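Chemist: Let me begin by handing over the structure; questions about it come next.
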Amino acid sequence: MRQPGITMPLSIEKFPGLAQPPMRGGVLYFWGMNNHGGEATMYPKPIQDLTGWHIRGIGCSNKSIVVLADESVISWGPHPTYGELGYGEGRQKSSTTPQEVRLLEGIHVHAVACGLGHSVFIARDESEEERARIRRLPEFQP
1 MRQPGITMPL SIEKFPGLAQ PPMRGGVLYF WGMNNHGGEA TMYPKPIQDL TGWHIRGIGC
61 SNKSIVVLAD ESVISWGPHP TYGELGYGEG RQKSSTTPQE VRLLEGIHVH AVACGLGHSV
121 FIARDESEEE RARIRRLPEF QP
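Sequential numbering from 1 applies to the sequence shown in full-length UniProt numbering.
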């Protein structure tokens, strides 16, 4: 019996200590170091929490992972993170399991890129409704 999987065009992003290429059967696999304790996943391990999602894009940094899935943005990463997971001010800063980024609900994100302590999203703003949703996003005020 075939299990529902993840569909995604074949592409690979590599970062120090982290590997996440899509594999046969539409399942996303992870391997590499997943914490600073030195423990590493030495063989490809499927990311079960994403089973059934249509993955459109992936961004990875040294600590965080952001996935564009269907019309959602999903992220996770260990402590400490610096807000790049997008959970919002006053909310959890890290997650060991994939979590939907609720702040971006209703906003179609075309692409994501991640770096040390930040994530960058390219969002669609073709209609007034889309532009209004983007304008309502909270902005950091130092």
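Note that CB positions come from ideal geometry on N, CA and C, so glycine has one too. Given the structure is predicted, the values throughout are model-derived calculations rather than measurements.
1) Which of the three DSSP states is assigned to L137 in this structure?
2) To which residues of the same chain is S95 closer than 8 Å at the C-beta, ignoring the five residues directly before and after it?
3) So, with DSSP's three-state summary, where would you put R91?
4) So the candidates are T41, D70, A40; which of them puts its Cα closest to the Cα of T51?
5) Kindly list the residues whose CB is nearer than 6 Å to the CB of V73, restricted to its own chain and excluding five residues on each side of it in sequence; keep chain order.
6) Given this structure, state the Cα-to-Cα distance separating I6 from K45, to the nearest angstrom.
7) Which residue marks the beginning of the beta strand (DSSP E) containing P46, and which one marks its end?
8) From the DSSP output, in three-state form, read off E100 for me.
9) For G83 versus L68, is the C-beta spacing smaller than 7 Å?
10) Determine the extent of the beta strand (DSSP E) in which G52 is found, giving its start and end residues.
Modeler: Judging by the given coordinates:
1) DSSP places L137 in coil when its eight states are reduced to three.
2) Closer than 8 Å at Cβ, skipping near neighbours: S75, W76, G77, L85, Y87.
3) If DSSP states are grouped into helix, strand and coil, R91 belongs with coil.
4) Residue D70 is the option with its Cα nearest to T51.
5) For V73, where only same-chain residues beyond five positions count, the Cβ hits under 6 Å are V101, L104, V109.
6) Residue placement at I6 cannot be trusted, given a pLDDT of 43 that sits under 50; the coordinates are not used to answer.
7) Its beta strand (DSSP E) spans residues 40-46.
8) E100: strand per DSSP, three-state reduction.
9) Against a cut-off of 7 Å, the Cβ pair of L68 and G83 comes out as no contact.
10) Counting along the chain, G52 sits inside no beta strand (DSSP E), nor does DSSP assign it H or E at all.
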